[in-house]
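The structure under discussion appears below in the form of structure tokens.
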Amino acid sequence: MIEVKGLTKYYGDKPGVLNVSFSIESGEAVGLLGPNGAGKTTILKMLASQMLPTSGTIMVEGIDAVARPKESARRTGFLPEIPPLYPDMEVSSYLAFFAGVKGIPGKDRAAHIRQIMEMTAIDHVKGRVIKNLSKGYRQRVGLAQALIGFPPVLILDEPTVGLDPKQIAEVRDLIKGLSKDHTIILSSHILPEVMMICKRVLIISGGRLILEDSIENLEQGGKTFTIRVKGPAAEVAEVLRATPDVAEVRPVDSQPSEDDGYSRFMVSGKVGNAVREEIFHRLAARDMPIMELRSVGNALEEIFLEVTA
Amino acid sequence: MYLIFKKEIAGYFSTPFGFIFMGVFLLLSGIIFTSYNLLGGGGDLNGMFGLFSNISFMIFPILTIKMFADERRYGIEPLLLSSRLSSTQIVLGKYFAACAVFLAALAMTVVYVVMLLIYGFPYMTAIVGSYIGFFLLGAAFIAVCTFTASLADNYVTAAIASFGALVGLVMAGAVSRSLPIPVVSQVFSALALTRQYDEFIRGIFRPGPVVYFVGFSVVFLCLAIISLERRRLL
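Protein sequence lines, in the order shown, are assigned to chains A and B. Numbering follows my numbering, in which position 101 of the first sequence is assigned residue number 84; successive positions increment by one, without gaps. Numbering follows my numbering, in which position 165 of the second sequence is assigned residue number 430; successive positions increment by one, without gaps.
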């Protein structure tokens, strides 16, 4: 279990993270989303005890990560965005070194490393020098390093960035498999990846926690489509807002092109087929034909764009 | 500490650095031995060790430029600093590995002593004293370079800082002799490592210079540990 309260980090006088609080239950897989510079990596580094906060508390599996960072770090395995690898070492030597660093007893080390290499499917490259591996395999070696000691918490910062589609699928499957036995905190720009692996999402922007909810809730509450109608914008908006189960109507263009007689809106709410039919009939009754109606493909994406705008 | 020591030794010889250091060291020693002893007919190693003390500032930075720069460059340092290893273990492991490579290179020059023994009657006390003194001098230089490397984020900065620090220490002796200002010249004299080393070449073996070199190394290693510890607390 991870408990974060009032987490704040300043770089000099510039705020990196401001008063972030959240908790993660054991065995949960949580996604950390946010634009570049939002503070995601700063939060992950503080959770992994690689950086001290300016203020706030972090409890990892009951250990105060600020007061006892080394003890807390033993409970976490951290894979940074760029895996921390010695390029001139062989894979097996690298893992043996970190097994020693993390305190795996000498007599158990070989078996432990063998098990981790099998889990991450890198046993067939154990004798290769790391700089000669592909990016996907280097990512796996970095993940293997994070798994040494089987920490209960895995913290992964953009684990699939820079990989090709096949490598992304392989690493993603690997992480999904690990999520059964570990608490996972995953930061990513790839929203489908977060939806595939995580049950809950934290959206960070400008160093603050903007939104925290389960993916299931976000998906159900966030059905949206865009609609382009021939008619005056004000009248069209009135009809749309009056339709039952429509929660929000927003003009899509900042300056609707009324000169050509068309107006475009984003409509959100519990807008299933019945509501769309109702909108059709209401607009038809006012002689305002629908020129285009398009679903917004990903509710999480639209929420992300909206809250981080 | 042994974990770091073992990794560093392997690192010196899986990259060019260890080979470059030993190659340059042995090349310089070979040139000096050839010109002073084989061609010049000298029966001792005073010339070699004397010249070495004045040019060693060029070669010791090779041993230390990647000491911390690699781990910073590849993002490994935060992992080590948040592990069970203390800053002291990390610094000492790296320091002793560098000293071990230096000792290995120095040990290879024993072949010159063998040649002197075969063809002459060298003053062994002075030779043994020179080896001990030069090892202590080298260990002190490596400690200084360990500290300057602990402050640097990349090879170039580490090299320039180490080179500059060692040039300063080698020149301190000459500066202290030419400066008439009492306190300042004494400070420079205290920093003049090579002056303390001169006694060893003459076969004078006193505890004072040994303690001086060991103390000098300890001070700079402590500074390196403090420097690393400050990075942990960021």
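Each residue gets a CB set at the ideal place from its N, CA and C atoms; glycine is no exception.
1. Taking A391(B) as the reference, give the member of V432(B), K331(B), S351(B), Y462(B) with the closest Cα.
2. May I ask you to list, following chain order, the residues of the region 346 to 365 of chain B that have a beta carbon less than 7 Å from some beta carbon of chain A?
3. How would you call S237(A), buried or exposed, if buried means at least 16 neighbouring beta carbons within 10 angstroms?
4. Quick one: is K272(B) near chain A, going by C-beta distance under 7 Å?
5. Going straight from the alpha carbon of L286(B) to that of L293(B), what length do you get?
6. Can you tell which of L416(B), T459(B), V476(B) has the C-alpha that lies nearest to the C-alpha of R337(B)?
7. Applying the 10 Å Cβ sphere with the 16-neighbour rule, what's the burial state of I469(B)?
8. Among the residues of its own chain, which have a CB less than 8 Å from the CB of E241(A), if the five just before and after it don't count?
9. Where does A225(A) land, buried or exposed, given buried means 16+ other C-beta within 10 angstroms?
10. Does any residue of chain B have a CB that is nearer than 7 Å to the CB of D91(A)?
11. Could you pull the start and end residues of the alpha helix (DSSP H) that L(-10)(A) belongs to?
12. From the DSSP secondary-structure annotation, give me the bridge partner or partners of I195(A).
13. Residue range of the beta strand (DSSP E) that I297(B) falls in?
14. Drop a sphere of 10 angstroms on the beta-carbon of V184(A), count the other beta-carbons inside from all chains shown, and report buried for 16 or more, exposed for fewer.
15. According to DSSP, simplified to helix, strand and coil, what is E54(A)?
16. State the DSSP-derived secondary structure class of R269(A), mapped to helix, strand or coil.
17. Identify the contact partners of L344(B) in chain D, using a Cβ-Cβ distance below 7 Å as the criterion.
18. Where does E336(B) fall in DSSP's three states?
19. Can we count A370(B) as close to the ligand SAM, meaning its CB is less than 6 Å from some heavy atom?
20. Would you check if the distance between the CB atom of K114(A) and the CB atom of P70(A) is smaller than 7 Å?
21. Please confirm if the region 68 to 87 of chain A is in contact with the region 268 to 281 of chain B, defined as three or more CB-CB distances below 8 Å between the two stretches.
22. D47(A) CB to nearest chain B CB: under 7 Å?
23. Whole angstroms are fine: how far does the CA of A372(B) sit from the CA of L291(B)?
24. To the nearest angstrom, report how far apart H264(A) and M179(A) are at their CA atoms.
25. Less than 7 Å between the beta carbons of E275(A) and S251(A), yes or no?
26. Would you say T280(B) faces chain A, with C-beta separation under 7 Å as the test?
27. From P148(A) to V124(A), what distance separates their C-alpha atoms?
28. Whole-angstrom Cβ separation of K23(A) and G14(A), contact assumed at under 8 Å?
29. In the DSSP output, which residue or residues are listed as bridge partners for F500(B)?
30. Would you mind reading off the limits of the beta strand (DSSP E) that contains V138(A)?
31. Closest to L328(B) by CA distance: which of R495(B), E494(B), A423(B) is it?
32. Under a three-way DSSP split, which group does I466(B) fall into?
33. Closest Cβ-Cβ distance between M266(B) and chain A: below 7 Å?
34. If you follow the beta strand (DSSP E) that G252(A) is in, where does it begin and where does it stop?
35. Classify E73(A) as helix, strand or coil using the three-state DSSP reduction.
36. For S32(A), which three-state DSSP category applies?
Answer, in terms of the structure:
1. Y462(B)
2. S347, S348, R349, L350
3. Because the pLDDT of S237(A) is 45, which lies under 50, any placement of that residue in the model is unreliable, and the number read from its coordinates should be weighed accordingly. By the neighbour-count rule (16 or more Cβ atoms within 10 Å), S237(A) is not buried but exposed.
4. yes
5. In the sequence under discussion, the amino acid at residue 286(B) is Phe, which differs from the Leu named in the question. F286(B) and L293(B): Cα-Cα distance of roughly 11 Å.
6. L416(B)
7. exposed
8. Any reading at E241(A) needs caution, since the residue's pLDDT is 49, under 50, leaving its predicted position unreliable; the model's value is listed next. Excluding residues within five positions, the ones whose Cβ falls inside 8 Å are P215, A216.
9. exposed
10. It does not: the Cβ of D91(A) has no partner Cβ on chain B nearer than 7 Å.
11. First-last for L(-10)(A): -15 to -6, but that is the beta strand (DSSP E), not the alpha helix (DSSP H).
12. The displayed chain sequence assigns Glu, not Ile, to residue 195(A). Partner(s): L185(A).
13. Counting along the chain, I297(B) falls outside any beta strand (DSSP E), though it belongs to the alpha helix (DSSP H) covering 281 to 298.
14. buried
15. helix
16. coil
17. Absent from the structure: chain D. Protein chains present are A and B.
18. helix
19. Summarising the ligand content, the structure contains no ligands, and the ligand SAM is consequently not present.
20. yes
21. yes
22. Not a single C-beta of chain B is nearer than 7 Å to the C-beta of D47(A).
23. 10 Å
24. Spanning the two alpha carbons is a distance of roughly 37 Å.
25. no
26. yes
27. 18 Å
28. Contact flag wrong, Cβ pair sits at about 10 Å.
29. Coverage of chain B is limited to positions 266 through 499, which leaves residue 500(B) absent and any answer about it impossible.
30. Reading the sequence as shown, one finds Ile at residue 138(A) and not Val. Run containing I138(A): 136 to 140, per the beta strand (DSSP E) assignment.
31. A423(B)
32. helix
33. no
34. 245 to 252
35. In the structure shown, E73(A) falls within a strand segment according to DSSP collapsed to helix, strand and coil.
36. coil
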